[in-house]
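Counting in the working numbering, the sequence shown runs from 7 upward without gaps.
C-beta: ideal position from N, C-alpha, C; glycine also.
Presented below is the structure to which this report refers.
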Amino acid sequence: MLEYLPLLKIYGFYYTNGWKRIFNGYHTRIR
């Protein structure tokens, strides 16, 4: 289980970053 922890952190980091990028792009498009 511990072996997957760093992988999960990296995956979560990229996932939240991608979501924020899409969210920000969506808002800038509306304005």
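Excluding the 5 residues flanking residue i on each side, which residues of the same chain have their C-beta closer than 6 angstroms to its C-beta?
{"i": "Asn23", "result": "none"}
{"i": "Tyr32", "result": "none"}
Which parts of the region 9-36 are runs of the alpha helix (DSSP H), unbroken and 4 residues or longer, counting only runs that do not cross its ends?
Fully enclosed alpha helix (DSSP H) runs of 4 or longer: 11-36.
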